[in-house]
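**Student:** Submitted below is the structure of interest, expressed as structure tokens.
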């Protein structure tokens with residue numbers, strides 16, 4: 643009797659038949675929240691990506707050029723966008739306006755990340771352009787709390 647093991651990295655042997663349906667891997671990926679981080683600091687986006695992905699709950703994508711952020715969001719269709727406000731060439735407010743005007747992305751939640759406010763201001767419940775914001779620098783636990791406080795986009799469609 644042959645055992646069926648789902649895998650894509652083991653060579654088939656005489657006693658084991660391998661198949662890759664991808665259903666297990668696909669469902670695990672589909673359960674992870676897809677987050678796009680837009681920030682001109684590569685160090686910030688990369689460190690944040692590593693820390694958030696380590697939790698096993700998120701798939702993180704980085705964009706370090708604000709002028710490409712809308713196009714990147716169109717191709718990725720993220721569940722949430724973390725968006726820096728103060729960036730060269732185009733600020734986060736303009737990026738958010740482009741995303742909001744896109745029928746395919748307009749329901750995508752945006753959380754602004756900014757060093758332009760204090761932690762007390764960020765915790766006050768105020769919003770920027772109708773979006774919540776978090777103060778930078780931000781700890782990973784505070785960032786996760788902010789992310790978890792907003793439903794993913796796929797739940798809103």
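In my numbering, the protein residues as written are 643 to 799. Where is the CB? At the ideal position from N, CA and C, for every residue including glycine.
#1: Name, in chain order, the residues that DSSP records as bridge partners for residue 775.
#2: Is the distance from the Cβ of residue 703 to the Cβ of residue 694 below 8 Å?
#3: Secondary structure at residue 695, three-state DSSP: helix, strand or coil?
#4: Considering only C-alpha positions, which residue in the set 755, 771, 678, 706 is nearest to residue 685?
#5: CB-CB under 7 Å to residue 771, same chain, minus the five flanking residues each way: which ones, in chain order?
#6: In three-state terms, what does DSSP make of residue 746?
#7: Going by alpha carbons, who is nearest to residue 746 out of 724, 675, 714, 780?
#8: Taking C-beta to C-beta, are residue 776 and residue 741 nearer than 8 Å?
#9: Between which two residues does the alpha helix (DSSP H) holding residue 784 run?
#10: What residue from 732, 727, 675 has the CA that sits closest to residue 719's CA?
#11: Could you tell me the alpha carbon to alpha carbon distance between residue 724 and residue 679, rounded to whole angstroms?
#12: Taking DSSP as the reference, what is the three-state secondary structure of residue 675?
#13: Below 8 Å on the Cβ atoms is my guess for residue 708 versus residue 731; work out the distance and round it to an integer in Å.
#14: How big is the Cα-Cα spacing for residue 785 and residue 721?
#15: In chain order, what residues of the same chain have a beta carbon less than 7 Å from the beta carbon of residue 687, not counting five sequence neighbours either side?
**Tutor:** In terms of the structure at hand:
#1: 754
#2: no
#3: helix
#4: 706
#5: 735, 738
#6: coil
#7: 714
#8: no
#9: 782-790
#10: 675
#11: 5 Å
#12: strand
#13: 6 Å
#14: 15 Å
#15: 679, 681, 704, 706
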